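This report refers to the structure that appears directly beneath it.
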Amino acid sequence: MSDDGHGFATEQVHGGFLPDTAHGARVPAIHMTSGFLFDDFDQARERFAGTDDGYTYTRLGNPTNADVERRVALLERSAEAILVGSGQAAVTVALLGLLQAGDHVVSARSIYEGTKGLLLQNLARLGIEVDFIADQRDLDAWAAAVRPNTKAFFAETIPNPKNDVLDIQGVADTAHRAGVPLVVDNTLATPYLVRPIEHGADVVVHSASKFLSGHGAGLGGLVVDGGRFDWGRTPERFPHLTTPDRALGGQSYVERYGNRAFVVFARDVVAARIGPSPSPFNAFLLRQGIETLSLRVERHVENALAVASFLERQPEVTSVDHAGLASSPYHDLAQRYLPRGAGSVFAFTLAGGEPAARAFIDAVQLFSRMTHLGDVRSLVLHPATTTHAGRTATERAELGIGDGLVRLSVGIEDVADLLADVERGLAAVRAAVGPDGVGREARPTSATEATVLTHTVQQVHVVAQEV
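Laid out in structure tokens, this is it:
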């Protein structure tokens, strides 16, 4: 099904669908096969030569996986997408499709710890360097970090756990003035909340295991190419794309594929060789999740803002990191880029430090204690002792990861039940820490926040009474 200007919800259900001409099945089949039959000698040769676009081996491509790729490409308003086995694989494939030994990356500091480790350890061993921008709003800092060997900028639309929204257009413009692409991880926003390519980003990556899938049942990742970056403008910057390649009969990737040079190289050379192959069954689970993406994210966002607003009014809480709140230093960016909501992953800090965080996390009952995000179930974690445990106390302090900081991934449960569970956790904090754990008086809630919270809770009670 082609893009005819349909709305998001229509595209997430119908986008990229190819009819089953053999049997008429409405839901695409799960093609659980390693390889594919060739009709004859010539067809095998043509497929390996690339003149026949049929399938050869699932590591290189699979019809079930391709269905997801087409749908996500449509939702991101992009040229093409590559499905891989996990979000970490997606970041790796994207960066290795751009970088080689001696290259340099400029990255926001507040990125996923797994990506940070990839840059600092794995890619550093290959001779690739990175500089991190402490304040990603400081566009001058991005520009000042550029070197002659800089090949990419990297950031996240909504980093976790601080919900510090990215100025996508500003960073993209800075990257383009330096002649390099901006790679953006859009996992926590999803294309329903923001399409980074529409704001200047060139490559988008997703951990599809999170909101795109939504049910915590499978893994997947996506590399999405905007198809707009001119890889041949400065040929010396990306020699793997602009120099003649024997596999292309002496042409370069830019000569053969134009602005598709990167995504073809990333698929055919990087992903195909490294082999982060997604299971077709996981692709099926992902496709099922995508079909309800907008409905789930709407509920996620509504619930998260209600919980954040509630927490901000509690004396045990010293701060709430949610860009949907007027108190957030990123509120203006959330209004600009995320009018549908600033996501549902955020953090709050308890005055009582680690003992208070322990009491809260052990007391809640609806919030699952686990390391995952974007699940229909609400999740809770203590970053200082889990995801950021490998950082020194000084490094955690620089990142704003205090001992009392708690990360939430708010799910789609009834908000009244979630608020009751949060109150259960706060009651445990009061019992465990006592008056010394009270950090400040409750900050008066703004009229907007109070209206959102009151309206949401009232709606929930009305529905509950009706059923």
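Going by the numbering used here, 70 is the number at position 57 of the sequence shown; the sequence numbering is gapless. Using N, Cα and C, we set each Cβ at its ideal position, and we do this for glycine too. From a predicted model like this one, the values you see are computed outputs, not experimental measurements.
When DSSP states are grouped into helix, strand and coil, F373 belongs to the helix group.
Three or more Cβ pairs closer than 8 Å define a contact, and the region 46–55 meets that threshold against the region 67–83. Partner residues in a beta bridge of F323, as assigned by DSSP, do not exist. Each residue's CA atom was taken as its position, placing E89 and R208 some 6 Å apart. Look at V330 here: in three-state DSSP terms it is strand. Assigned with DSSP and collapsed to three states, G130 falls in helix.
In terms of CA proximity to G229, M383 leads the group G183, P328, M383.
Rounded to whole angstroms, V330 and A274 show a C-alpha spacing of 50 Å. The region 341–354 and the region 381–397 do not touch, with fewer than three beta-carbon pairs separated by less than 8 Å. Judged by DSSP in its simplified three-state form, T256 adopts coil rather than helix or strand. Every alpha helix (DSSP H) of 4 residues or more that sits fully in the region 15–73 is shown, in chain order, as 21–27, 54–62. Fewer than three pairs of CB atoms, one per stretch, sit closer than 8 Å, so the region 261–268 makes no contact with the region 287–298. Under the 10 Å beta carbon count, T200 is surrounded by 16 or more other beta carbons and is classified as buried. Taking the Cα positions, W155 is about 18 Å away from L412.
Taking the CA atoms as reference points, A319 sits about 53 Å from D65. Looking at the backbone, the Cα of P328 and that of G438 are separated by about 13 Å.
Checking the DSSP bridge columns, you'll see F166 partnered with V119, L195.
Only residues of its own chain outside the window of five on either side were considered, and among them I141, K164 have a CB closer than 6 Å to the CB of L112, listed in chain order. Only buried fits T255, as 16 or more other CB atoms lie within 10 angstroms of its CB. As the crow flies, the alpha-carbon of A347 is around 12 Å from that of S340.
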